[in-house]
Amino acid sequence: MTGGAALVESLAAHEVEVVFGISGTHNLGIYAHLGIQHISPRHEQGAGFAADGYARATGKPGVCIITSGPGILNAATAAAQAYSDSVPILLISPGPPADHPGRGPGMLHEVRDQTGAMETVTAGSHRVLSVGEISLAVAQAFAEMTSGRRRPRHLEIPFDLLDAVADIRIIDPVAITGRRRTQSSRR
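In this text, residue positions in the sequence shown follow the working numbering: the first is 85, and each later residue adds one.
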């Protein structure tokens with residue numbers, strides 16, 4: 085399956101029922117497979133805050149799919165607020181190709197260090213390096229968001245991996261042991 089299909093199947097395995105986001109040039113490999121309800125606001129920041137509101141209202145992690153560069157940076161305000169308020173949201177964005185040299189050749193929506201920028205406003209930002217890693221990265225993000233202090237995570241998938249094909253095993257949700265914090269038990 086493609087990386088985009090693996091991402092969507094992984095979200096479905098974690099019982100994601102709705103995602104918020106805006107499609108764009110680099111994330112079409114996700115949207116081509118999206119069978120989950122999608123709500124598209126007018127701006128990336130609105131998508132981030134909608135995912136935040138969904139998480140607050142339902143107690144489930146909110147999911148936001150945004151495009152790279154300025155798109156994910158527009159959603160960073162919502163991520164920072166979710167971090168401050170201990171709200172679990174998963175922000176997913178494409179990134180430069182897996183073999184990108186990282187020296188600023190001027191690609192569309194290129195940001196020097198998108199993962200590093202999101203690391204400053206989330207509890208963790210991870211860039212996958214292969215199609216096979218996508219499902220594991222989703223499972224890890226959900227495990228981290230639903231245990232301990234519930235905070236946002238960012239997952240960057242190089243846009244060339246969204247259309248790349250590999251044999252994939254979808255990772256089941258990780259069982260979390262111990263007390264799960266609810267909104268009323270947060271400090």
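Beta carbons: idealized from backbone N, C-alpha and C, even for Gly.
Could you compute how far the alpha carbon of residue i sits from the alpha carbon of residue j?
| i | j | result |
| --- | --- | --- |
| Arg-196 | Ile-176 | 17 Å |
| Ile-149 | Asp-251 | 24 Å |
| Arg-233 | Asp-169 | 10 Å |
| Tyr-167 | Val-249 | 34 Å |
| Pro-181 | Ser-152 | 11 Å |
| Asp-183 | Leu-246 | 14 Å |
| Ala-259 | Ala-227 | 8 Å |
| Met-85 | Asp-256 | 17 Å |
| Gly-216 | Arg-253 | 8 Å |
| Gly-146 | Val-103 | 7 Å |
| Pro-154 | Ser-231 | 30 Å |
Let me know the secondary structure DSSP gives residue i once reduced to three states.
| i | result |
| --- | --- |
| Glu-93 | helix |
| Ile-218 | helix |
| Thr-204 | coil |
| Leu-174 | strand |
| Glu-99 | coil |
| Thr-230 | coil |
| Ser-209 | strand |
What do you get for residue i, buried or exposed, if any count of 16 or more other CB atoms within 10 angstroms of its CB means buried?
| i | result |
| --- | --- |
| Ser-214 | exposed |
| Asp-136 | buried |
| Ala-139 | buried |
| Thr-109 | exposed |
| Gln-198 | buried |
| Ala-134 | buried |
| Arg-271 | Any reading at Arg-271 must be qualified, since the residue scores a pLDDT of 33, below 50, and its modelled position is unreliable; no value is offered. |
| Arg-211 | buried |
Per the DSSP calculation, residue i is bridged to which residue(s)?
| i | result |
| --- | --- |
| Gly-105 | Ile-149 |
| Gly-113 | Its beta-bridge partners do not exist; DSSP assigns none. |
| Ile-255 | According to DSSP, Ile-255 bridges with nothing at all. |
| Gly-179 | Pro-242 |
| Ile-123 | Phe-104 |
Length at least 4, wholly inside the segment 126-161: the alpha helix (DSSP H) runs in chain order: 128-142 and 154-158
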